[in-house]
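In the numbering used here, the protein residues as written are 1 to 273. So the structure is just underneath, and the comments pick up after that.
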Amino acid sequence: MSRILPQVNFIVFLVYLSAVIYLFAYKTPTPERNLCVSIVLCFALWSFCEAHAHLSPTPERALMWFSISSFGWIIFPLPVLFFYLAVTRGIKPNFKALLVLSFLCFFLITAQWRGDLINEVARGPFGWVAFWANSPAFHLFVIYYSTILFFCAFLALKFWLNAEERRQRAQGKILFFTVVAGFFVGTFSDVVAPMFEIFQVPPVACLAGLIWLAGMVPAVTKYGLLSLELGYFKDLYERLFEFTPDPLALLDERGIFLSANQAMINSLGQKKR
Numbered sequence: 001m002s003r004i005l006p007q008v009n010f011i012v013f014l015v016y017l018s019a020v021i022y023l024f025a026y027k028t029p030t031p032e033r034n035l036c037v038s039i040v041l042c043f044a045l046w047s048f049c050e051a052h053a054h055l056s057p058t059p060e061r062a063l064m065w066f067s068i069s070s071f072g073w074i075i076f077p078l079p080v081l082f083f084y085l086a087v088t089r090g091i092k093p094n095f096k097a098l099l100v101l102s103f104l105c106f107f108l109i110t111a112q113w114r115g116d117l118i119n120e121v122a123r124g125p126f127g128w129v130a131f132w133a134n135s136p137a138f139h140l141f142v143i144y145y146s147t148i149l150f151f152c153a154f155l156a157l158k159f160w161l162n163a164e165e166r167r168q169r170a171q172g173k174i175l176f177f178t179v180v181a182g183f184f185v186g187t188f189s190d191v192v193a194p195m196f197e198i199f200q201v202p203p204v205a206c207l208a209g210l211i212w213l214a215g216m217v218p219a220v221t222k223y224g225l226l227s228l229e230l231g232y233f234k235d236l237y238e239r240l241f242e243f244t245p246d247p248l249a250l251l252d253e254r255g256i257f258l259s260a261n262q263a264m265i266n267s268l269g270q271k272k273r
């Protein structure tokens, strides 16, 4: 059993890497696309290092790989936050907020290398089990990532409930459920289970990113997430669409109307709902 998890981690690393290549090759280079790439790269680094950690022959080597992986599992909430702000609110990253959160990430990474986060490992049925130190740095880390992910869930939920178009409602629903599911799966497997010595649960937090990535596939390919009408370009797109004198409409692949501007509504003799 101890060989299965490293192999799964490495396969997932290849999946993350493929997703990065796809985003670079086929998606328009918007800031949202770049933030999405940053998130996936964090999970890729995390999975790659965890694969090596579970294959390590000694606890010292395993702890070293867990510490290297901290660059992934500590930094990833940062691009997640700015990604959700971009696609749900069209808000650009604030320099002061970015600076403060980057400093917090630096502090937490150094805390990991000092042994104030993961400070001990032991052999379990699925490989090395990482144990958390009962330290202020650990509690700060839990507050840091929990607050960001819950705030992202709130942004997605609000976007979902307030969206007027079916496509945007689908985007909001996917953004909400994937971040919530990933949070609970990762927290239970990598934080709660080791604390209560539930060794039958494999540490799969880095694999929980697949939940989010699996949601991004239909969100991007079917519902147009990361397209130019979202995020920073949303206001400009909506103004151009609404006030163009020519009739314009967006239809899905089945020919069903997703949205129409005022000129199209007037030409059809309908009223805007």
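Glycine included, each C-beta is placed from N, C-alpha and C at the ideal position.
Under the criterion of beta carbons closer than 8 Å, Val142 and Pro194 do not qualify as touching, at roughly 13 Å.
Annotated three-state conformation of Ala44 is helix, per DSSP. Taking 8 Å as the cut-off, the Cβ atoms of Val100 and Ile148 do not count as close.
Between the beta-carbon of Leu108 and that of Tyr144 there is about 7 Å, and that keeps the pair under the 8 Å contact cut. Separation of Phe10 and Lys173 (C-alpha to C-alpha, rounded to the nearest whole angstrom) is 30 Å. The DSSP assignment places complete beta strand (DSSP E) segments of no fewer than 3 residues inside the segment 117-177 at 118-124 and 127-132, in order along the chain. If you look at Ser56, you'll find it isn't in any beta strand (DSSP E); DSSP assigns it neither H nor E. In the same chain as Ser267, and ignoring 5 residues on each side of it, the C-beta atoms closer than 8 Å to its own belong to Pro247, in chain order. Between Val191 and Trp132, the gap from beta carbon to beta carbon is short of 8 Å. Here Leu55 has Pro6 as same chain residues with Cβ atoms under 7 Å from its own Cβ, once five neighbours each way along the sequence are excluded. A contact between stretches requires three or more CB pairs, one per stretch, nearer than 8 Å, and the segment 155-174 meets this requirement with the segment 256-266.
Annotated three-state conformation of Leu108 is helix, per DSSP.
Cβ-Cβ distances below 7 Å link Arg169 to Trp160 and Ala163 in the same chain, with the five nearest sequence neighbours on each side left out; the list follows chain order. Note: Leu85 is not bridge-paired with any residue in the DSSP secondary-structure output. In the assembly as shown, Ile198 is an exposed residue. Its beta-carbon has fewer than 16 other beta-carbons within 10 Å.
For Leu213 against Val20, the beta-carbon gap comes to about 10 Å, at or over 8 Å, which does not count as contact. Check the Cα spacing between Gly127 and each of Glu50, Leu207 and Ser135: the tightest is with Glu50. Leu175 sits away from Val12, with the two beta carbons spaced by 8 Å or more. Spatial neighbours of Pro202 in its own chain (CB-CB distance under 7 Å, excluding positions within 5 residues in sequence) are listed in chain order as Leu5, Phe126 and Ser189. Phe257 sits in a strand when the DSSP states are folded into three classes. In the structure shown, the three-state DSSP call for Leu98 is helix.
Residues Val20 and Leu23 of the same chain have their beta carbon placed closer than 6 Å to that of Val37, with the five preceding and five following residues left out of the count.
About 17 Å separates the beta carbon of Ile118 from that of Phe48, a gap too long to meet the 8 Å contact definition. Separation of Pro57 and Val121 (C-alpha to C-alpha, rounded to the nearest whole angstrom) is 12 Å. The three-state secondary structure of Leu251, taken from DSSP, is strand. Only exposed fits Leu98, as fewer than 16 other CB atoms lie within 10 angstroms of its CB.
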